[in-house]
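Peer 1: Let me begin by handing over the structure; questions about it come next.
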Amino acid sequence: MFATDGPRPACEGVVDLLHSLGAGLRERQAAAELAIRAMGISFTVYSEGTNIDRAWPFDVIPRVLSTHEWSRISAGLTQRMVALNLFIDDIYGEGRAIRNGVVPAEVVGESANLRLQCRGARPPQGTWAHISGSDLVRDGDGTMYVLEDNLRVPSGVSYMLENRQITKRVFADLFRDLDIHPVDAYPTRLRELLGSLSPRPGEVPVIVVLTPGVHNSAYFEHAFLAQQMGAHLVEGRDLVVDDDVVYLRTVGGLVRVDVVYRRVDDLFLDPEVFRPDSALGVAGLMAAWRQGNVAIANAPGAGVADDKVLYAYVPALIHYYLGEEPLVPNVETFVCLDDRQRKHVLANLDHLVVKPANESGGYGIFVGSHASAADKEEIRRRVEADPRNYVAQPILRLSTAPTLCDGVVAPRHVDLRPFVLSGEHPYVTTGGLTRVARQEGSLIVNSSQGGGSKDTWIIDPDVLRPPRSGLSIEVRER
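Structure representation (structure tokens):
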């Protein structure tokens, strides 16, 4: 929230609030936690074979960015997703990027998310990754970087929307006095995007959200988005394919489905094509998709670009497909598959973060500065045994944001996940889900690892606000 010379652009109003509230900030945090319980906002943690539902961890102090910075970030994320969609289409088509040496063949060929069953497919509009969430971090030099891309079934957007509803309740005065840009258009824009994929133009599209079920950690989000879009929330058993057409089972009979917004991983989508033991998918779904009788978002196979090894080549892909410089840079990344880069990684473990290529949720990450001698030997063994599965990055001096910890405001590391809708009319959320590490000094922000979240405010610093005394803040002494 602060640069070396004072509050960052657009942060002054929030800084004024924090100074004015004093002990009243704890009351606002208590009000936020009460709202979370009343609204039933929860997430699931998998622990020792059991599912534990917990109240969504939320910090009442918002993360603030200026509209000037956000315009460049949103343009950079759109640029990135255009290039990645062209790459996915190329991989399942002509394979030009591999032939021309932009990406090594083994990086793609050995990807855990490459789906050979998708070769030759042509999804609507040539778009494979319709919904994506790129994780952003700010380094100590003030630069915002893309840390990784999430293109398979990115989650968290419902919590972004719910965080905003909570802060509107507890900071109504600031929403009146500051130019805070809204985020609540997302469900409408998502429905418009999904509807545009329908194979039956001119008719009202039937859209379903395909969920693994109530025991999935993101089920709250699946139900939330289905309700917000007016879509049907379904499990695999609710759908049936007949003559390469997908139907929804209803009490009134079968209803044709036009678009499946799937929150099920590729390998469980269709037991006839992928895992035969899957009870989560729909037999025949892939055939209906390949015939163009149903749209699937994100398309099967899009995860080939959701790989931390492929991430290292995204700047080159932007150059190759678009002829442009990346507007938002990558973090320097060492690919352990490369002999020279692997030697550098193993010689500098103390100063690096080592990540498995396809894990999520913060699992499997090695942070050299916090590692024991045994941890270092273990990661060395794993990298040498399977170099394709690991990348490494410098330990960044991640930015911190003021966070209420045990009643005291303290700095905690944060990242940011904006959400991008790709199609005829690209859309980037005005903000995103800020995730915060609750433990002092920790760089792990995932909720499954004990992290929390904040609302993200994009504020135009050029819009005049009332003077400090004009803020309607009531502080009650107790």
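The letter at position 348 of the sequence shown is residue 1052 when you use the numbering used here, and the numbering goes up by one with no holes. Heads up, the beta-carbon is just placed ideally off N, CA and C, and yes, glycines get one too.
1. Starting from Glu703, follow the beta strand (DSSP E) in both directions and report where the run begins and ends.
2. Measure the alpha-carbon distance for Val1112 versus Trp760 and round it to whole angstroms.
3. Over the uninterrupted beta strand (DSSP E) stretch that includes Gly837, give me the two end residues.
4. Taking the CB atoms as reference points, tell me whether Pro1098 and His1048 lie closer together than 8 Å.
5. Is the beta carbon of Val1132 sitting closer than 8 Å to the one on Ser1157?
6. Tell whether a beta-carbon distance below 8 Å holds between Leu1021 and Leu788.
7. Pick helix, strand or coil for Pro1115, following the three-state DSSP scheme.
8. Just to confirm my understanding: we take Pro1033, look at its own chain, exclude 5 residues before and 5 after, and list those with CB closer than 6 Å. What are they?
9. Please list the terminal residues of the continuous alpha helix (DSSP H) segment that includes Phe791.
10. Would the segment 713 to 721 and the segment 1159 to 1168 be scored as touching if the rule is three or more Cβ pairs under 8 Å?
11. Evaluate contact between the segment 942 to 952 and the segment 909 to 922, counting only Cβ atoms and requiring at least three cross-stretch pairs below 8 Å.
12. Name the DSSP beta bridge partners of Asp763, please?
13. In whole angstroms, what is the alpha-carbon distance linking Leu1053 and Asp1119?
14. Kindly give me the distance between the Cβ atoms of Val807 and Tyr1017, rounded to whole angstroms, as I take these residues to be in contact under 8 Å.
15. Just curious, the beta strand (DSSP E) that Gly813 is in, first and last residue?
16. Thinking C-beta only, is Val945 closer than 8 Å to Val977?
17. Please report how far the alpha carbon of Leu878 lies from the alpha carbon of Thr871, in whole angstroms.
18. Note down, in chain order, each residue of its chain lying with its Cβ closer than 7 Å to the Cβ of Val887, except the 5 sequence neighbours on either side.
19. Starting from the C-beta of Asp948, find all residues in its chain whose C-beta is less than 8 Å away, skip the five residues before and the five after it, and write them out in chain order.
Peer 2: Considering the structure as presented:
1. A question about residue 703 goes unanswered here, because the residues of the chain that appear run from 705 up to 1182.
2. 20 Å
3. 835 to 842
4. Against a cut-off of 8 Å, the Cβ pair of His1048 and Pro1098 comes out as no contact.
5. no
6. yes
7. strand
8. Tyr849
9. Note, Phe791: alpha helix (DSSP H), 771 to 795.
10. yes
11. yes
12. Lys1158
13. Going from the Cα of Leu1053 to the Cα of Asp1119 covers about 23 Å.
14. 5 Å
15. Not the beta strand (DSSP E): Gly813 falls in the alpha helix (DSSP H), residues 809 to 813.
16. Taking a C-beta distance under 8 Å as the contact criterion, Val977 and Val945 do not qualify as a contact pair.
17. Straight-line spacing of the CA atoms in Leu878 and Thr871 works out to 9 Å.
18. Met864, Leu865, Arg868, Thr1133, Thr1134, Gly1135
19. Gly988, Ala991, Ala992, Gln995, Asn997
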